[in-house]
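Structure record follows, encoded as structure tokens.
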Amino acid sequence: MLQGISLLATGIVLFLFGMTKLSAKMQRFFTARMRSYIKYAVRKPLYGLLTGIISTVVLQSSSATTVLIIGMVSAGLISFYHSLGMILGADIGTTLTVQLVVWKVTELSPLFIVVGGALWVAGKTKWASIGEAVFYFGLLFFGLHLTALATSPLRDNPAIISFFQETKNPLLGFGIGIIFTGIVHASAIPISILVILAQQGLVGLDNALPVVFGANIGTTVTALMVGAVSGINGRKSAIAHLLFKCSGAIIGLAALPLFLSFIRFLSNSVAQQIALGHFLFNLLIVAVFIFLLKPFALLMEKRLPGKGDVLPLWPEYLDEECLENAAKALDCVKKELGRGVVLTQRMYAQLLQMMDEYREGKRRDVLYVGWVGSHLRTEIVQYLRKVSTYQLSPALSAKLFTFTAIIDDIARIGNEIVSIVDLLRDKTEQ
988 MLQGISLLAT
998 GIVLFLFGMT
1008 KLSAKMQRFF
1018 TARMRSYIKY
1028 AVRKPLYGLL
1038 TGIISTVVLQ
1048 SSSATTVLII
1058 GMVSAGLISF
1068 YHSLGMILGA
1078 DIGTTLTVQL
1088 VVWKVTELSP
1098 LFIVVGGALW
1108 VAGKTKWASI
1118 GEAVFYFGLL
1128 FFGLHLTALA
1138 TSPLRDNPAI
1148 ISFFQETKNP
1158 LLGFGIGIIF
1168 TGIVHASAIP
1178 ISILVILAQQ
1188 GLVGLDNALP
1198 VVFGANIGTT
1208 VTALMVGAVS
1218 GINGRKSAIA
1228 HLLFKCSGAI
1238 IGLAALPLFL
1248 SFIRFLSNSV
1258 AQQIALGHFL
1268 FNLLIVAVFI
1278 FLLKPFALLM
1288 EKRLPGKGDV
1298 LPLWPEYLDE
1308 ECLENAAKAL
1318 DCVKKELGRG
1328 VVLTQRMYAQ
1338 LLQMMDEYRE
1348 GKRRDVLYVG
1358 WVGSHLRTEI
1368 VQYLRKVSTY
1378 QLSPALSAKL
1388 FTFTAIIDDI
1398 ARIGNEIVSI
1408 VDLLRDKTEQ
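Take 988 as the starting number for the sequence shown in our numbering and just add one per residue.
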């Protein structure tokens, strides 16, 4: 018994470790490409939905995706309204992990670990990076494989079988799902364990589905914790995530017999039925809200007043028309430099607030604004290079060199602010 509990705990820890490391690895990939990621997501709610799905499939964690979204909203990189479609997509994307368990990818986890580890150790920079991601992906599912091994003896235990057969109170299962997922911060763990138990004949759909509903609400805890230390729009996104899930749970529990019948119609396998229940629950939420995001956002704005500024992520003045002549182009650069100054002033104001009271959410906001400023500097420098190819008068040449010096100074100030913010974090942690 003790050995089984130890193996189960080891499996859960390995799953969480693999998921955390994989998410961190892939977040670095996303950060480098964040502007194109956002540019696509904000076109239409459906594009945001698709972006949320893809990012969660890559990150293997809807919590990681939602936290990333809340951080971007809080920093003013995207609006509250545009975040909603991405959050809905994140909830769909997270269902893939459970489906992979149904397909018994867990049995291939040692292969992923070996291949990924070999590439990580022996490969060059690019292949080593890929190998590291594959290794953590394998570790994630190896943790679930250990969980399956730990629970396999339970099918011969009459007390356990009797417990699962007799415990059919949906609200009890619903509560267990919320609490357990709130503790481990990952809905994939309890739902994957349910799939594993179903594969061993220990649990039926009637017992499992309320737990699935609860797990989907429990997974919002991480986002709510991040939202609590974020700006007003970040808090709105976190609360919206909770409201989406609660609405789905209310509908699902109210129509539970119908939900059960429909899922049983789609598949005879209990393990597959649980995975389908998880997917259909989140699909139901999308179907209810995707075309109502605009009025939903307006209602949230009315109930939780207060708007944060949304920062333009792309240059507003550096267009091709300005390149008609050097003087006009440099005037456009001057206007864009003004935006760079505003971004730096915003970082400085946030720094002053942090010196009074350090908050991790504020630190992330400073880093995001600094990231926008860094990209703006790159765009201005590239634009000035184009201008430098013109035949410039001495006055225009002097102006070009002055602007180059100014943008370098702005960048240095931004870097110093980031360094001070990191120092504040280190001092707080001591």
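Ideal Cβ positions, reconstructed from N, Cα and C, are used throughout, including at glycine. As the structure is a computational prediction, the values presented were derived from the model and not from experiment.
Item, Value
"Closest Cα partner of Ile1277 within the set Ser993, Ile1074, Leu1055", "Ile1074"
"Own chain residues within Cβ distance below 6 Å of Ser1070, not counting five before or after", "Ile1056, Val1060, Ser1224"
"Whole-angstrom distance between Val1405 and Leu1230, CA atom to CA atom", "35 Å"
"Expected contact under 8 Å - CB spacing of Phe1122 and Val1092 to nearest Å", "Rounded, the Cβ-Cβ distance is 15 Å, inconsistent with contact."
"Closest by C-alpha distance to Gly1188, when choosing among Ala1258, Ile1394, Ala1385", "Ala1258"
"Nearest-angstrom beta carbon gap, Ala1115 and Leu928 [assumed within contact, 8 Å]", "One cannot answer for residue 928 here, as it falls past the ends of the chain, which runs 988 to 1417."
"Spatial distance of Pro1302 from Asn1312 (CA atoms)", "19 Å"
"Asp1352, enclosing alpha helix (DSSP H) - first and last residue", "1347-1375"
"Range of the contiguous alpha helix (DSSP H) that encloses Ala1382", "1381-1416"
"Where Phe1167 falls: helix, strand or coil (DSSP)", "helix"
"Nearest to Val1171 (by Cα), restricted to the options Arg1412, Glu1094, Ala1202", "Ala1202"
"Spatial distance of Ile1176 from Leu1159 (CA atoms)", "18 Å"
"Rounded straight-line distance, which links the Cα of Ala1077 to that of Leu1285", "22 Å"
"Whether Ser959 touches Leu1247 by CB criterion (9 Å)", "For the chain, the structure presents residues 988 to 1417; residue 959 sits outside this window and is missing."
"Coil, strand or helix - Lys1111 by DSSP", "coil"
"Rounded straight-line distance, which links the Cα of Gly1118 to that of Leu1279", "42 Å"
"Stretch-stretch touch, CB-based, cutoff 8 Å, three pairs: the stretch 1384-1398 with the stretch 1320-1340", "yes"
"Backbone secondary structure at Lys1031 - three-state DSSP", "coil"
"Alpha-carbon spacing of Gly1080 relative to Met1013, whole angstroms", "15 Å"
"Spatially closest choice to Gly1235 from Val1199, Ile992, Ser1256, by CA coordinates", "Val1199"
"Cα-Cα separation, Gln1378 to Arg1364", "24 Å"
"Cβ-based burial, Lys1349 [other Cβ within 10 Å; buried from 16]", "buried"
"Contacting residues, own chain, Cβ-Cβ under 8 Å from Ser1066 (five flanking each side not counted)", "Val1029, Val1060, Asn1220, Val1297"
"Selection from Glu1323, Leu1410, Glu1403 that minimises the alpha carbon distance to Gly1357", "Glu1403"
"Separation of Leu1087 from Gly1005, as counted between CA atoms", "15 Å"
"Per-residue burial, Val1101 [other beta carbons within 10 Å of its own, 16 or more giving buried]", "exposed"
"Segment limits, alpha helix (DSSP H) that includes Phe1246", "1243-1253"
"CB contact flag (Leu1466, Ser1254, <9 Å)", "Lying outside 988 to 1417, the shown extent of the chain, residue 1466 is not represented and no answer is given."
"Best match in Ile1393, Ser1361, Gly1039 for proximity to Lys1321 [C-alpha to C-alpha]", "Ile1393"
"Nearest candidate by alpha-carbon position, reference Lys1155, set Ile1165, Thr1134, Leu1133, Val1190", "Val1190"
"Unbroken stretches of the alpha helix (DSSP H), 4 residues or longer, contained in the stretch 1273-1341", "1280-1290"
"Opening and closing residue of the alpha helix (DSSP H) in which Val1085 lies", "1082-1089"
"Whole-Å CB distance - Thr1053 paired with His1265, under 8 Å assumed", "Thr1053 to His1265, Cβ: 17 Å. No contact."
"Helix, strand or coil at Leu1189 [DSSP, three-state]", "coil"
"Reduced DSSP category for Lys1223 - H, G, I as helix; E, B as strand; rest coil", "helix"
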